[in-house]
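Protein chains in written order, with the working numbering: chain A, 996 to 1326; chain B, 996 to 1326. See structure below.
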């Protein structure tokens, strides 16, 4: 065997968020070599945004040695459709209707470009660089401002017939329960296990037991955040810890449903909520196990993401590039 | 182009049920050419059962012209594991522990043999011969004595990491709700949308409104069956129709959750419950749509199975044969 070198190749990862868009150049090992960011809502039209973004991409590309080293561009975006490379009616972006973003970027950059929603990108990132390396069946769940998810079965992301599969945050776990502030659905997982949901639960608990002492009461009820709940729980506050127990119960019951759907080897959790460590993991695992059929019990790992949070979105988007088949990417 | 014939090839389908095992020889078009059956619980050991079954398979094979025309054997069985070809701890079979049935049959018959659970087999049957022909993303749900399901995404059955994915009947849709008679889970779909569940709902409704007239009252409360509910509903009985409304609501809410998981093109329903036609389809679709995110609304077809019910189990099992890759089948 000759000592041939692995070809030096990089992927560009772009994470489009409601506030910021982060861009990076990433190597096969998941190291972010170059980094740029821009404000998403500053650009009135998708074209103006793409122009501004591509200036930054070219800057980064020059720094790593030119575009012959770049295999492609991966984009994670809210309501991103993998099949069409479009962003469709994203509620937290100012561009209306259907935006053919992947095509716009690949025309401008002359590089194959794949696009999916941010949660699916996170799952591909875990498979490529993170806790799901080598797994063919797993689910990632992001517990942040919202609850996002990416599902991998048979080694492939499940995109569904229309490219929108994997909206586990919007599955109903308390029929007739808490109304979601933006979807208007009742009792969805996101209404409870998101940062907003945790704050709502804390407010409800404080109001339900007005006599009970809690250091949470030092905050204005309406301004209470999930961060406050975390801080107080760490200081041993009972109501704050109850909030995590309740949230973990609902999350665990939801995970049981997901396990009976796709029987994953692992469920990988990510995002602000899991900073609470065993306060959230223990009730989650307890209630997941309690609601599983015997054939699924004590089999599914519930683990933390391996990816560094600041880089995770870029890494996930960049990982789309390594997965690229020409047929799936615009060029 | 030469006028070469399509090779004449047959598949054997075997459906192992708690009461009967049905065997058939099926052609590519899904026509059952030969048929045999045997009593499952009559055989004390798996070996005795396999011996008796293989006698019947050989009888059928002789009638269609010998085993060089047989591509393989597909078996649908409760708790069947596709990866290992084993039946594992099936509660309604008398054989205990893990039975390596696919290996036993393929050794005896010298034909490649694939095995999966009956619900997954039904999904493969719909894809091969039925309502899902040409679809790459769909879910089949059998609403019979129990509630079974098979999930296809990216054109492949989702088996999960252990071979047991697709237990949608056991997902929880009413947390803390009705206790299931055999799993002891609370509020699972099967506790409501199975034949047993329908009978329980009818009993509950009759007891809740003891003054309300219903022709259901001509039956002994404890002996009431889903068939009675069907008959009375067809005669316009109000409580019986309410039973379907309630069952459809719970089924529809569950379907919404499944759609947000895998975004299927269609959900194909099968089994006794759907005989009630629009009495069950209307509330099911209504409550599914009501619980979907806008991006999923009015997209998913909820349809009846195309397969003839008497043959469906054999067809589903036989369809495993056309899907066979050597790596998945025991030989």
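Note that CB positions come from ideal geometry on N, CA and C, so glycine has one too. Bear in mind the structure is a predicted one, so any value in this text is a computation, not a measurement.
Residue i (DSSP reduced to helix, strand or coil)
i              : result
residue 1294/A : coil
residue 1319/A : coil
residue 1257/A : helix
residue 1300/A : coil
residue 1153/A : coil
residue 1183/B : strand
residue 1309/B : helix
residue 1168/A : coil
residue 1314/B : helix
residue 1148/A : strand
residue 1284/B : helix
residue 1192/A : helix
residue 1159/A : coil
residue 1274/A : helix
residue 1197/B : helix
residue 1123/B : helix
residue 1325/A : Legend: pLDDT at residue 1325/A = 49, less than 50; position of this residue unreliable, value from coordinates given subsequently. In this structure, residue 1325/A counts as strand in the three-state DSSP scheme.
For residue i, the first and last residue of its enclosing beta strand (DSSP E)
i              : result
residue 1083/A : 1081–1083
residue 1110/B : 1108–1111
residue 1141/B : It is not in any beta strand (DSSP E) - residue 1141/B carries neither H nor E in the DSSP assignment.
Top-ranked residue by Cα proximity to residue i, from the options
i              : options                           : result
residue 1298/A : 1134/A, 1108/A and 1245/A         : 1134/A
residue 1139/B : 1050/B, 1193/B, 1129/B and 1232/B : 1193/B
residue 1114/B : 1280/B, 1314/B and 1319/B         : 1314/B
residue 1223/B : 1267/B, 1259/B, 1255/B and 1180/B : 1267/B
residue 1228/A : 1256/A, 1275/A, 1185/A and 1292/A : 1275/A
residue 1110/A : 1092/A, 1077/A, 1130/A and 1103/A : 1077/A
residue 1235/A : 1249/A, 1161/A, 1211/A and 1163/A : 1211/A
residue 1239/A : 1200/A, 1121/A and 1051/A         : 1200/A
residue 1155/B : 1175/A, 1253/A, 1285/A and 1197/A : 1253/A
residue 1196/A : 1160/A, 1241/A and 1166/A         : 1241/A
residue 1099/A : 1272/A, 1089/A, 1082/A and 1112/A : 1082/A
residue 1159/B : 1280/B, 1169/B and 1146/B         : 1146/B
residue 1088/B : 1044/B, 1176/B, 1051/B and 1202/B : 1044/B
residue 1292/B : 1300/B, 1302/B, 1281/B and 1301/B : 1281/B
residue 1286/B : 1316/B, 1305/B, 1032/B and 1248/B : 1248/B
residue 1142/B : 1122/B, 1075/B, 1191/B and 1126/B : 1191/B
residue 1251/A : 1051/B, 1068/B, 1163/B and 1042/B : 1163/B
residue 1052/A : 1030/A, 1073/A and 1035/A         : 1030/A
residue 1021/B : 1033/B, 1008/B, 1032/B and 1015/B : 1008/B
residue 968/B  : 1091/B, 1131/B, 1188/B and 1231/B : Summary: the structure shown does not reach residue 968/B, with chain B confined to residues 996 through 1326, and so no result is reported for it.
Counterpart residues of residue i in DSSP-defined beta bridges
i              : result
residue 1071/B : 1010/B and 1111/B
residue 1117/B : DSSP output for residue 1117/B lists no bridge partner at all.
residue 1093/A : 1083/A
residue 1076/A : 1081/A
residue 1065/B : 1005/B
Limits of the unbroken alpha helix (DSSP H) element including residue i
i              : result
residue 1132/B : Run containing residue 1132/B: none; DSSP gives neither H nor E here.
residue 1327/A : Look at the range of chain A in this structure, 996 to 1326, and you will see that residue 1327/A is not part of it.
residue 1097/A : 1096–1104
Residue i Cβ short of 8 Å to the ligand MG heavy atom set
i              : result
residue 1299/B : With respect to the ligand MG, the structure offers nothing, as it holds no ligand at all.
task = Let me know the alpha helix (DSSP H) ranges lying completely inside the stretch 997–1062 of chain B, each 4 residues or longer, listed in chain order.
result = Whole alpha helix (DSSP H) segments, 4+ residues: 1041–1059.
request  = Taking only runs that begin and end inside the stretch 1199–1272 of chain A, name each unbroken beta strand (DSSP E) of 3 or more residues, in chain order.
outcome  = Uninterrupted beta strand (DSSP E) stretches at least 3 residues long and entirely within the stretch 1199–1272 of chain A occur at 1261–1265, given in chain order.
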